[in-house]
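Accompanying notes for the structure given below.
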Amino acid sequence: MKRTAALCMSLLLFPYLFTMAWTGRAEGMIRMENSAAEKRMIILDRGGEGYPVPVEDYLIGMTAMQIPADYEKETIKAQTIIARTYLCSIMGEERRIQESAIDADIMTEEEMRRKWGKENFLDYYQKFADAAKETEGIVITFEGKAVDPLFHRVSAGKTRAGDSLHPYLASADCENDVGAEGYLTAVSMTPEEFCQRLSEIEDSLNLVPEEVYKSLQIVERDEAGYVIQAKIGEKLYTGEEIQYALGLKSPSFSFEEMEGKIRCIVQGEGHGYGFDQWNANEKAKEGYTAEELLNCYYKNIELIFE
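In our numbering, the protein residues as written are 69 to 374.
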């Protein structure tokens, strides 16, 4: 009852972001000497005078927006570290940043209550609050710098290897992702609608609906099965261009003709780089810790106390 009462009071005081006093800290990490430094703050500039909120408090609503609340606590802790790493990477040496400069959404109290329901609200909120506290200050680094912590909902069966700018992104086998809800989706559209959507891509060529299906060709896939290039008509498109133009869940797709329509078969959800949330959660059920989960999808990284 005391915990519930204290939590309710904090929600009344801060309707968007919640501040509480917790105890506990992750062990086994490298601590940076930063005790004298000013705490990092997010300045809520949603119109009117800005209001500073500590990053650790802001993370609760941010992480709640990014990952399902019924996932394992270690998975949520790993996602919290990812969210903190993102904030620290865009802040650099600065200790404060305007919320409008952050390319991420947060979940408000009202949204939490509506999505989770009254019966789950307190328990789920506490799970995210505990995850923030138990990982307080921890960020993912590569060669001394915060990484760009990419993540996605579920892979197409394997996560994608990083490029020269993201050498820490590992290609990890995620064969059991096929069992994830929503792993396989299909989108059907008429040839006319297909051509119309593609025409919205910059510099797209005019396509003839009656001929477009015969002109479809997957030119290149990466080792994880994601489309790198596809040829439609006489033009090459990236997998991401086609994904967004057609409203597909991922750039791992193929085409087939069915009853006069073009059917897009899609595997996975998201870009396929970095932390695979669904696969990580299955590993968390087996006993993996947050640190072990992160090391599955990022290689040669170091977790430090920022």
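Even for Gly, the Cβ is constructed at its ideal location relative to N, Cα and C.
As the structure is a computational prediction, the values presented were derived from the model and not from experiment.
query                                                                                                                                                             : result
Run through the region 101 to 151 for me and flag every whole alpha helix (DSSP H) of 4 or more residues, listed as ranges in chain order.                        : 123 to 134
Determine the direct distance from the alpha carbon of HIS234 to that of THR91, and round the result to whole angstroms.                                          : Only weak support exists for where THR91 lies, its pLDDT of 30 falling under 50; the value from the coordinates is given anyway. Answer to the nearest angstrom: the Cα atoms are 34 Å apart.
Give the secondary structure of LYS317 by DSSP, where H, G and I count as helix, E and B as strand, and everything else as coil.                                  : coil
For LEU273, name the three-state secondary structure that DSSP assigns.                                                                                           : coil
What does DSSP give as the partner residue(s) for CYS332 in the beta ladder?                                                                                      : VAL255, PHE323
Would you tell me roughly how many angstroms separate the C-alpha atoms of SER239 and GLY250, rounded to the nearest one?                                         : 22 Å
Name the residue from LYS183, CYS156, GLN147, GLU350 whose alpha carbon lies nearest to the alpha carbon of HIS220.                                               : GLN147
Going by DSSP, what residues sit across from ARG186 in a beta bridge?                                                                                             : Looking at the sequence provided, one finds Lys at residue 186 rather than Arg. Beta-bridge pairing links LYS186 to no other residue.
Can you find the residues in the same chain that come closer than 8 Å, C-beta to C-beta, to GLY293, ignoring five residues on each side of it along the sequence? : ALA224, GLY225, LYS226, SER320, GLN335
Tell me the DSSP secondary structure of VAL215 in three-state form.                                                                                               : coil
Going by the beta-carbon positions, is the gap between GLU337 and LYS317 smaller than 8 Å?                                                                        : yes
Taking only the alpha-carbon atoms, compute the straight-line gap between ARG99 and ARG181 and give it to the nearest angstrom.                                   : Bear in mind that a pLDDT of 43 at ARG99, under 50, signals an unreliable position, so the model cannot answer this.
I need the straight-line Cα distance from HIS339 to ASN368, nearest angstrom please.                                                                              : 21 Å
Decide if the region 345 to 356 is in contact with the region 125 to 143; the criterion is three or more beta carbon pairs, one per stretch, under 8 Å apart.     : yes
In angstroms with no decimal places, state the Cα-to-Cα distance between GLY96 and ILE310.                                                                        : With a pLDDT of only 44 at GLY96, under the threshold of 50, the placement of this residue in the model should not be trusted, and no figure is reported.
Provide the residue(s) that pair with PHE210 in DSSP beta bridges, ordered along the chain.                                                                       : LYS213
Using a Cβ-Cβ cutoff of less than 8 Å, which residues in the same chain neighbour LYS353 once the five nearest sequence positions on both sides are dropped?      : GLU140
Could you check the C-alpha separation between CYS263 and ASN274 for me, to the nearest Å?                                                                        : 8 Å
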